[in-house]
Amino acid sequence: MADKALISDPRIYAQYASLVRLQAYAGQFSFLPSLKAKNAFSGRHQSMLRGRGLNFEELRHYQTGDDIRTLDWKVTMRTGKPHVRCYTEEKDRNIVVCVDQRSNMFFSSVEMMKSVVAAEVAALSAWQVLKEGDRIGLLVMEDQSLQWLKPTRSQNALLSYLKQLSQANQRLNVSSQSAAHQSLTNLVQHLARMRLRASTIVILSDWLDADAQTFDHLKHLQQHNDVLSVMVTDPLESNLPKNQHSWVLGDGEYQLNLSSAPDFERANQELQTQLEQKRAWLRELMIVKRLPYVELNTSGDHLSAFRRAIGGA
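Numbered as in full-length UniProt numbering, the sequence shown ends at 313 without a single skipped number.
Rendered as structure tokens:
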């Protein structure tokens with residue numbers, strides 16, 4: 001567990017009370033469709049029914065195969081052409097938010113740790129899903145384990161989930177190191193083994209260890225689910241300052257020494273190439289289901305940026 005003084009800093013560690021207070025922001029955006037609003041999830045929660053439904057959707061000309069019980073006789077008599085009334089029915093959904101809380105997320109050069117950004121966006125999403133009447137589940141990825149918190153509509157259960165999320169966040173420290181098996185590829189494979197169907201899966205990570213295999217598995221997962229992938233970045237990870245005399249970079253196992261301008265140039269070029277490749281993979285994945293590419297950073301504007309990205313105010 002980290003030092004208590006550091007834990008109290010909301011820029012470094014996610015505070016349980018702060019995650020709970022995010023309930024106040026639920027309703028400022030929506031995971032539900034709106035036929036009039038330009039919402040990223042428009043049309044993904046409702047299905048057209050040929051028969052009696054919950055909400056009137058549209059009046060249209062009769063087509064072969066339509067249920068005659070849906071005929072609108074008044075309009076049919078007035079126009080001389082058969083018209084049917086179409087309805088929509090809301091389907092029950094599971095939303096699963098996967099939150100990367102491994103040591104690679106315990107980093108920031110600006111304002112907020114990447115791990116805090118992911119935790120707060122996860123909490124905001126959870127409150128929004130609960131407000132819309134769907135079930136919310138969390139899958140928290142830590143350095144040594146995965147926590148599966150099954151989908152629920154219970155506010156008390158969600159409060160317990162947020163408590164566990166904040167505790168996972170506060171277990172991170174400068175000496176944290178991920179186990180070899182705790183990779184994004186393994187996370188996606190774990191989701192596939194859960195055999196989720198017709199679910200919305202939100203993955204919050206920096207995608208640092210993602211590779212072509214990771215995205216191949218995501219494509220298979222996406223065949224039966226909507227997968228919204230959110231990338232959390234920090235500017236220092238792709239643009240090392242060149243005005244420093246020397247840098248020593250390490251990941252707990254390997255070290256890299258940078259001591260000249262050409263060293264910095266090569267390092268920055270490689271970092272930017274890797275980042276652009278992951279962006280391209282994510283954009284390609286999102287366009288299949290016409291979902292937005294969402295990238296958040298550590299500047300502290302992540303909540304507003306997330307709401308804007310999926311069609312909120």
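No residue lacks a Cβ here, since even glycine has one placed at the ideal position from N, Cα and C.
7 Å CB neighbourhood of residue i in its chain, flanking five on each side removed
i, result
"Val129", "Phe31, Ile95, Ile136"
"Gln213", "Thr185"
"Ala267", "Leu240, Leu258"
Reduced DSSP category for residue i - H, G, I as helix; E, B as strand; rest coil
i, result
"Asn239", "coil"
"His217", "helix"
"Val174", "coil"
"Lys226", "Looking at the sequence itself, residue 226 is Asp, so the reference to Lys does not match. It is a strand residue."
"Val110", "coil"
"Asp134", "coil"
"Asp143", "coil"
"Pro151", "strand"
"Thr298", "coil"
"Ser166", "helix"
"His181", "coil"
"Ala37", "Reliability fails at Ala37, whose pLDDT of 38 lies under 50, so the model's placement of it is uncertain and the value that follows must be treated cautiously. Note: Ala37 maps to coil in three-state DSSP."
"residue 354", "Given that the chain is displayed from residue 1 to residue 313, the structure contains no residue 354 and the question cannot be resolved."
"Leu291", "coil"
Cβ pair residue i, residue j closer than 7 Å
i, j, result
"Phe107", "Leu172", "no"
"Asn169", "Gln101", "yes"
"Leu221", "Val230", "no"
"Asn225", "Ile201", "yes"
"Tyr161", "Leu149", "yes"
"Leu184", "Asp209", "yes"
"Leu236", "Leu285", "no"
"Cys98", "Leu165", "no"
"Gln28", "Arg307", "yes"
"Leu59", "Arg85", "yes"
"Leu296", "Val117", "yes"
"Ser238", "Leu196", "no"
Cβ-based neighbour list, residue i, same chain, cut-off 8 Å, excluding 5 preceding and 5 following
i, result
"Pro82", "His61, Tyr62, Leu71, Thr76"
"Leu191", "Val96, Cys98, Leu139, Ile201, Leu221"
Proximal residues to residue i (C-beta, below 6 Å), its chain only, five neighbours per side dropped
i, result
"Ala26", "Trp127, Gln128, Lys131"
"Trp207", "Met231, Lys278"
"Met112", "Arg11, Thr298, Gly300"
"Arg69", "none"
"residue 369", "The requested residue 369 is not part of the displayed model; the chain covers only 1 to 313."
"His181", "none"
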